[in-house]
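A.B. asks:
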Amino acid sequence: MTHGETVIAETKHKVPHHFDSAEQAFESSKLGLWLFLVTEILLFGGLFVAYVIFRGLYPDLFHTASQHLNKILGSINTVVLICSSLSMALAVDRVRQNDPNKAHQYMLVTLFFAACFMIIKYVEYTHKFHEGLLPGGNFTNAALAGDPKAPLFFSLYFMMTGLHGIHVLVGMGLITWVLIRSNRGEFSSSYYTPVELVGLYWHLVDLIWIYLFPLLYLIG
Amino acid sequence: MAKGHKFGGHARAYIKVWAALLVLTAVTVSVSYYDFGDWNAFVAMLVATVKGVLVCLFFMHLMYDNRVNQVVFISAFVFLAIFILLTGSDEWFRREMKPVKVTDTASAALGAADMEKLMKAAPELAAKGKEIYGVQCAACHGADGKGDGPAASALNPKPRDFTSGVWKLGGTPSQVFHTITHGSPGTSMAGFASVSVPDRWALVAYLRSLSPNKPEDTPETLKQSGVDKMLDQGPGTRDQGPKTTEAIPVSFAMKQYVQTDVGVTDLTVPPAGTDSVSLGQKIYQSDCMSCHGFQGKGGIPVSVVGFVSEKERATLKTKDFAVSRQTWTYNQAAFIDLVSNGLPGRNMPGFADYSAEEWSALYRYVQSLRAR
Amino acid sequence: MSGHAEVGNYLTHPKGLRSWLTTVDHKRIGLMYMATSMTFFFVGGIFALLIRLELMTPGLTLMSADTYNKFFTYHGAIMIFMFIIPIIPAALGNFFLPIMIGAKDVAFPRLNLASYYIFIAGAALSVWALMAHGADTGWTFYTPYSIRSNTSVVLITLGVFVMGFSSILTGLNFIVTVHKLRCPGMTFHRMPLFVWAIYATAIIQVLATPVIGITTLLLIMERLLKIGIFDPALGGDAVLFQHFFWFYSHPAVYIMILPGMGIISEVIPVFARKHIFGYKAIAYSSLAIAGISFLVWGHHMFVSGQSDLANMLFSVLTMFVAIPTAIKVFNWTATLYKGSISLKTPMLYALSFLFMFTIGGLTGLFLAALSVDVHLHDTYFVVAHFHYVMMGGTVMGLLAGLHYWWPKMFGKMVHEWSAKISWGLIFIGFNMTFFTQFFLGYLGMPRRYYDYPPEYAGLNMISTIGSWFLLAGFALMAFYFIRSLFLPGKAPANPWGGKTLEWQIASPPTEHNFPEIPTVTGKPYDYGVVKL
Amino acid sequence: MLSLLLFQWRLEQASNFAPVVDRLFDFILWFSIISFLIIVFGMVLFTFKYWRKKIPENRTAYITGHTKLELGVAFFLLVVVMVIFYWGWVDYKAMKNPPHDAFEVNVIGRQWLWQFQYADGKMLTNELIVPKDKAVSLIMTSEDVLHSLYIPDFRIKQDVLPKSYTNLWFVANRAGEFPIFCAEYCGTAHSAMLGKVKVLEQDDFERWQMTGKLPVGKRTMDHGQGTMDQQPDVTVGEKISLADKGRGLFASKGCTACHSVTGAAGVGPAVNKIFGKEVELTDGKKTKVDENYIRQSVNEPQARIVKGYQPIMPTFKGQISEEEMNALIAYIKSLK
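If you read the protein sequences in the order shown, they are chains A, B, C and D.
Sequential numbering of the first sequence, starting at 0, is according to numbering that gives the first Met the number 0.
Sequential numbering of the second sequence, starting at 0, is according to numbering that gives the first Met the number 0.
Sequential numbering of the third sequence, starting at 0, is according to numbering that gives the first Met the number 0.
Sequential numbering of the fourth sequence, starting at 0, is according to numbering that gives the first Met the number 0.
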């Protein structure tokens with residue numbers, strides 16, 4: 000079999016020359032992305048370690064500081080992200096069933112939910128800035144001023160939710176990119192790797208928030 | 000695709016998983032409103048893990064994926080767990096060291112010239128005095144010095160009302176200084192030698208500013224209160240408070256003593272107080288009872304200066320020893336630390352000058368109060 | 000070898016600088032990585048020589064304390080992040096991994112090129128930092144000094160952060176390539192040991208590098224937003240930074256040494272004409288080292304105020320990492336038994352690897368034992384230990400690999416005698432420089448000392464003289480490597496008689512490596528006659 | 000004993016931990032030498048015995064491995080390293096638990112000098128005076144960045160962290176003077192952060208404790224290879240000139256860490272050729288460098304800071320006696 004490229008039916012996509020079959024290309028991309036998700040988990044893992052260590056050292060500080068977080072907004076955000084995860088899964092499913100119109104709608108729903116998440120986060124952040132609950136050195140909140148370690152909680156809070164927020168923004172960018180390519184008809188049931196990969200990435204972003212939410216907001 | 004994906008067309012499965020996730024979220028949020036102590040964190044993590052597993056298996060198709068992807072994804076959590084556990088083995092198991100208690104070097108270096116300057120009541124000295132007064136003296140002498148402090152109700156005789164102009168032990172600066180340093184015998188006024196010399200002079204300036212009657216010092220009042228010795232000694236003289244004898248090693252003193260007065264046979268050290276509980280009781284009644292009550296039940300309102308918010312100021316009462324769960328209840332070092340430093344915010348003055356044996360007697364007595 | 004004459008090799012076809020800068024051919028990307036990394040090696044080397052010159056005599060010899068602190072930071076940062084981590088996996092690994100497993104290219108060629116350009120971006124950021132206010136925190140950036148220092152720490156940590164991604168992407172690429180692109184017949188147990196080593200390194204790269212990413216990110220946030228997680232003044236904990244840093248940096252030490260071991264496992268069987276002794280033992284000890292390397296980082300912090308429990312745990316776990324390493328060294332020595340050993344330059348470097356890496360490994364035992372480490376930590380004993388492991392190990396492995404694969408990469412043979420002379424210079428210079436430092440360390444001279452009490456003067460003088468030999472050796476090597484490119488004459492396809500796949504194709508290979516996909520039947524090192 | 004053959008220098012064993020650590024050090028040293036010789040001898044032997052010139056390429060043996068041998072080697076090594084670990088762990092635990100009656104000293108590490116604070120209020124800079132044959136426990140903290148108190152002759156080292164306390168204890172079993180190094184990188188003058196441990200006999204120590212005078216006449220036995228820095232030990236003879244005494248103090252009190260005497264740029268202003276001159280302060284005013292400017296800068300350094308320098312000089316109030324102050328001033332005056 001000479002090293003030409005086999006063209007996938009109904010799509011303009013060519014399997015790269017160094018792969019033997021489209022199946023091998025798809026499986027390689029998936030393994031590649033799973034490895035990338037591992038690095039994401041370990042990136043956030045660093046912050047989780049810092050959180051767990053400091054919570055172990057100053058449990059009551061974390062309890063009093065977390066009262067200042069708005070549980071309601073946090074819960075809404077969790078529900079919003081879970082819905083966006085669902086709509087993304089359905090979008091991938093639709094693309095796999097060769098039903099691009101429904102897929103586009105689901106992708107738009109995902110984008111909408113993601114936007115809601117970011118807006119709620121924006122509201123939370125401005126409320127915190129207003130109350131002076133800023134990270135580290137520039138912490139000016141009166142109620143918690145007594146305890147020198149209080150800014151630690153908010154440093155961790157802003158680092159974790161900030162980094163997660165950036166990942167949500169990147170996710171929204173990726174979904175829009177996939178939406179545009181899907182509009183141009185590049186995907187079908189036989190070639191939908193980018194959609195699958197963006198879907199996996201988005202579910203990971205949701206998975207990280209599922210852990211972030213109870214750790215930060217629901218401290219008993 | 001080549002293998003005919005098994006998981007094509009699973010819309011219904013996704014909706015079910017989605018519903019499960021929402022329910023679990025509701026569960027975890029509601030659980031967080033009740034206080035189960037440590038269980039809260041465990042439940043929150045358990046629910047989060049269940050939700051995470053659901054997302055992984057169904058939304059991310061890990062269930063139908065080949066072995067390598069599953070191993071790869073799980074290995075991330077394994078290495079994260081290693082990171083947490085081994086770092087935790089260090090951070091959570093460190094031993095706490097406490098520095099050596101060093102006698103107050105500041106006063107040691109005070110020269111006679113400074114003593115002169117401090118005695119003349121300057122305005123900013125009085126302001127500093129007011130601040131120290133709030134921390135050390137307001138508990139009994141009241142926020143405005145009228146002798147109506149919260150603890151005053153339990154005291155007999157009543158604490159001095161400075162605005163009345165009456166000085167039982169003399170109102171000249173040196174006499175007031177002497178009373179602050181050594182206390183007033185026969186009353187609950189304890190000696191405050193642990194306060195540094197400059198602070199004590201600041202207190203003197205503030206107290207005299209309250210009182211209409213301000214007698215001036217005469218040579219014999221200086222001599223009588225021992226302040227004159229402090230004036231003429233050269234720079235770098237030791238603090239005029241009680242001499243810290245334990246700094247001199249016994250072996251050295253013994254050798255000096257034997258060298259100078261040959262012929263002395265033995266030096267017996269007099270036994271410390273009788274049985275320790277009564278010693279503890281004596282200390283408790285002289286220093287602590289006025290605020291913590293006779294049975295250590297507390298509940299005596301303590302008027303507070305500064306740190307506490309408005310609504311807390313009125314209701315702040317001393318706590319009942321039996322109910323308290325803090326570390327001092329099971330660790331004597333924490334008890335000594337707490338009592339010697341006091342709680343400036345909560346208007347508890349520090350009592351530092353007990354010997355080790357008095358500390359343990361007091362600690363055992365307080366524990367006996369908790370047991371009743 | 001029916002080389003496609005008309006197609007030409009990967010060096011000449013396709014033509015033009017643009018084709019090089021936008022290439023997705025793993026061989027060209029490998030060469031570009033090698034060129035960049037080797038230049039950084041020489042830059043880092045110059046800083047090392049300047050440091051040694053300053054330390055020649057006590058007191059001010061050449062430069063002020065600040066400049067000295069900056070120079071040893073540059074030496075550390077450049078050598079580690081820009082040379083020793085990328086050089087073998089990204090340069091030689093990129094070039095030979097696909098060929099050795101019979102693949103046409105790595106799994107994601109464009110990602111491979113992207114990771115090279117990310118590496119260039121990171122390196123540019125770090126060089127810019129060195130040009131600006133420099134950095135005088137040491138390559139470890141320990142807080143709170145790295146927060147207080149008024150040098151451009153943010154820039155250099157940003158550079159490290161970006162270079163970290165290049166390392167992750169390379170590792171990711173290799174894992175997928177090994178799993179998905181092996182040619183028919185190439186089972187895991189028929190893969191060459193170099194591929195095993197690069198595979199184990201890739202696992203560490205993927206799992207450890209993100210943590211240095213978050214550490215550098217937090218350090219930048221510490222300086223810019225004063226978040227106070229690592230700053231004791233704001234309630235944080237400086238030892239926590241050390242945990243974060245070493246959780247990456249100790250596995251990173253194994254990212255550096257494992258590829259070197261991989262090359263040695265390739266070179267020794269070929270030049271001893273003998274099957275490797277214990278193929279499975281060496282292969283799986285690479286994975287074992289990769290695994291254990293994540294458990295041992297605390298031995299860098301025995302005296303940093305760590306709890307006794309943690310010290311005990313880390314000391315035990317560090318001892319376990321000695322076992323697979325010792326097995327490898329034992330197996331390489333056993334491979335020589337009853338062989339037919341030819342002392343060409345690659346073999347010389349492989350044997351000196353064995354010689355020096357054994358010293359490096361054994362001195363590790365001193366530092367793993369708790370009570371002895373209290374005395375030896377942060378002294379020149381540690382400096383000697385890691386130079387013996389990194390320079391005596393990885394650089395010897397790299398040089399063995401370079402000399403071994405040079406004919407395959409460029410189709411030119413290296414002048415044998417000048418190579419042997421430069422080997423001699425490097426061998427003498429290295430031992431003279433670093434063996435004396437074991438004594439300095441034991442006598443208590445601390446690390447990173449700009450000036451030292453007079454009683455350490457003699458040993459430091461010997462060490463500096465040794466570094467001049469190293470300079471001579473490497474200068475001669477650079478000369479004869481470059482000269483070999485312009486010499487006429489073409490190297491044969493298999494000059495050393497190797498049995499692995501890269502020796503079965505033309506040298507330099509064509510752009511698509513194999514005229515047709517090979518199927519592998521035998522084991523990679525089938526030397527030797529059964530009856531003997 | 001045996002290891003002496005290897006090292007012509009031998010670090011002094013001046014504390015209770017030194018012989019213990021050296022014993023484990025020697026054990027690992029001999030184990031390493033033996034295993035190194037086995038590997039290198041094997042390699043050299045095989046290389047010469049099976050040289051390509053002696054054995055043609057196609058007559059090599061087909062050996063692919065010997066699992067039992069490998070497992071044997073692995074198990075033997077496991078036993079040895081576990082012994083090393085346990086031995087190290089036992090000695091380490093002894094290092095970490097100070098006896099209760101130890102003589103406690105507070106140590107404050109600060110950027111580029113060590114301060115030792117005694118229970119009776121004495122504060123020494125870069126100089127730790129301890130009794131011989133008595134447990135001394137150092138409770139250490141740092142004022143700014145990480146440092147590490149390292150006394151090679153005692154084989155002890157411990158990092159010093161800001162905002163928390165770490166501990167080191169030892170029993171010095173030999174009178175004399177031993178260098179203290181800073182072993183954790185801490186900035187510009189990390190290598191100038193040197194100190195001295197002076198171990199005195201019990202009576203000398205008590206006399207010092209009461210009178211502040213170090214033993215006169217009896218030349219304190221200096222550490223192995225000559226005293227740390229070459230100047231005369233200031234506390235020994237009384238007859239040396241005031242300026243010389245000042246020069247010793249200038250070094251031992253840690254001034255050299257920030258102020259250079261050669262005019263080179265340092266953290267603090269250089270002090271040579273400066274006496275009697277006008278210097279400009281941060282607030283623009285000018286002042287003459289005279290006795291009371293120096294005296295004030297030592298006791299209240301923040302009062303008059305020279306332009307272009309940060310106010311980070313620690314106060315030495317209460318640590319420099321009158322006569323030491325005069326010696327310092329005489330020394331600075333002598334630096335024309």
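Even for Gly, the Cβ is constructed at its ideal location relative to N, Cα and C.
(1) In whole angstroms, give me the CA-to-CA distance for Met-395 (chain C) and His-249 (chain C).
(2) Find the nearest neighbour of Asp-160 (chain B) within the set B:Leu-206, B:Leu-124, B:Ile-179, judged by alpha-carbon distance.
(3) Chain C partners of Asp-90 (chain D), CB-CB under 8 Å?
(4) So is the beta-carbon of Met-260 (chain C) under 7 Å away from any non-hydrogen atom of the ligand ZN?
(5) Report buried or exposed for Thr-326 (chain B), applying the criterion of at least 16 other Cβ atoms within 10 angstroms of its Cβ.
(6) Could you tell me which residues DSSP puts in a beta bridge with Met-122 (chain D)?
(7) Please state whether DSSP places Trp-50 (chain D) in a helix, a strand or coil.
(8) Quick one: using the 10 Å Cβ neighbour count with 16 as the cut-off for buried, is His-274 (chain C) buried or exposed?
(9) Three-state secondary structure (DSSP) at Thr-259 (chain B)?
(10) Can you check DSSP and say which residues form a bridge with Cys-181 (chain D)?
(11) Let me know the alpha helix (DSSP H) ranges lying completely inside the stretch 6-36 of chain B, each 4 residues or longer, listed in chain order.
(12) Output needed for Val-238 (chain C): all residues of its chain with C-beta closer than 6 Å, excluding positions within five of it in sequence on either side, in chain order.
(13) Write down the C-beta distance between Thr-176 (chain C) and Ala-106 (chain C) rounded to the nearest angstrom, noting that I regard them as a contact closer than 8 Å.
(14) For a contact meaning CB atoms closer than 8 Å, what does Glu-90 (chain B) contact in chain G?
(15) With three or more C-beta pairs closer than 8 Å as the rule, is the stretch 197-214 of chain C touching the stretch 128-135 of chain D?
(16) Would you mind telling me which residues of chain B sit closer than 7 Å to Phe-293 (chain C), beta carbon to beta carbon, in chain order?
(17) How should Asn-340 (chain B) be labelled, buried or exposed, when 16 other C-beta atoms within 10 angstroms of its C-beta is the threshold for buried?
(18) Tell me which same chain residues have a C-beta within less than 7 Å of the C-beta of Pro-248 (chain B), skipping the five on either side of it?
(19) State the Cα-Cα distance for the pair Lys-70 (chain A) and Arg-95 (chain A), rounded to the nearest angstrom.
(20) May I have the straight-line CA-CA distance separating Gln-116 (chain D) from Phe-102 (chain D), to the nearest angstrom?
(21) Measuring alpha carbon to alpha carbon, tell me which of D:Leu-241, D:Phe-169, D:Arg-51, D:Val-170 ends up nearest Ala-326 (chain D).
(22) So which residues on chain A does Leu-239 (chain C) lean against when the C-beta distance must stay under 8 Å?
(23) Hey, is Trp-33 (chain A)'s beta-carbon within less than 8 Å of any beta-carbon in chain B?
(24) Taking a cut of 7 Å between CB atoms, which residues from the stretch 51-72 of chain B lie near chain C?
(25) Can you check whether the C-beta of Leu-373 (chain B) is within less than 8 Å of a C-beta belonging to chain A?
(26) Would Asp-25 (chain D) count as contacting chain C if we go by Cβ distances under 8 Å?
(27) Any Cβ of chain B within less than 8 Å of the Cβ of Ile-138 (chain D)?
(28) Answer with yes or no whether the minimum CB distance from Leu-211 (chain A) to chain C is below 8 Å.
(29) Tell me which same chain residues have a C-beta within less than 7 Å of the C-beta of Arg-27 (chain C), skipping the five on either side of it?
(30) Helix, strand or coil: which one does DSSP assign to His-16 (chain A)?
(31) To the nearest angstrom, how far is it from the Cα of Glu-90 (chain B) to the Cα of Val-77 (chain B)?
(32) Closer than 9 Å, Cβ to any Cβ of chain B: which residues of the stretch 162-174 of chain D, in chain order?
(33) Out of A:His-103, A:Pro-134, A:Gly-31, point me to the one whose CA is closest to Ala-149 (chain A)'s CA.
(34) May I have the straight-line CA-CA distance separating Thr-60 (chain C) from Phe-153 (chain D), to the nearest angstrom?
(35) So within the stretch 67-121 of chain C, which uninterrupted alpha helix (DSSP H) runs reach at least 4 residues, ignoring any that extend past its ends?
(36) Counting contacts by CB-CB distance shorter than 8 Å, is Lys-29 (chain A) in contact with chain B?
C.D. replies: According to the structure data:
(1) 20 Å
(2) B:Leu-206
(3) Leu-369, Ser-370
(4) Among the components modelled here there is no ligand, and therefore nothing to report on the ligand ZN.
(5) exposed
(6) The secondary-structure analysis by DSSP pairs Met-122 (chain D) across a beta bridge with D:Gln-116.
(7) Three-state result, Trp-50 (chain D): strand.
(8) buried
(9) The pLDDT assigned to Thr-259 (chain B) is 46, lower than 50, so where the model puts this residue is not dependable; a value taken from the coordinates is nonetheless given after this. Helix, per DSSP.
(10) Listed as beta-bridge partners of Cys-181 (chain D) by DSSP are D:Leu-148.
(11) Scanning the stretch 6-36 of chain B from its first residue to its last, the whole alpha helix (DSSP H) runs of 4-plus residues come out as 10-31.
(12) Ser-303, Gly-304
(13) 5 Å
(14) Reference to chain G is not applicable here, since the protein chains of this structure are A, B, C and D.
(15) no
(16) Phe-78, Ile-81
(17) exposed
(18) Its pLDDT being 46, under 50, Pro-248 (chain B) is placed unreliably by the model, and the measurement read from it follows with that caveat. Within the same chain, Pro-248 (chain B) has no close Cβ partners at all.
(19) 38 Å
(20) Going from the Cα of Gln-116 (chain D) to the Cα of Phe-102 (chain D) covers about 12 Å.
(21) D:Leu-241
(22) Ala-49, Ile-52
(23) When Cβ-Cβ separations below 8 Å define contact, Trp-33 (chain A) makes contact with chain B.
(24) Val-67
(25) Since the displayed chain B opens at 0 and closes at 371, residue 373 (chain B) lies outside it and no answer follows.
(26) no
(27) yes
(28) no
(29) Tyr-9, Trp-19
(30) Here His-16 (chain A) carries a coil assignment [DSSP, helix/strand/coil].
(31) If you take the alpha carbons of Glu-90 (chain B) and Val-77 (chain B), they lie about 20 Å apart.
(32) Hits within the stretch, in order: Ser-163, Tyr-164, Thr-165, Asn-166.
(33) Closest by alpha carbon: A:Pro-134.
(34) 31 Å
(35) 93-99
(36) So, interface residue.
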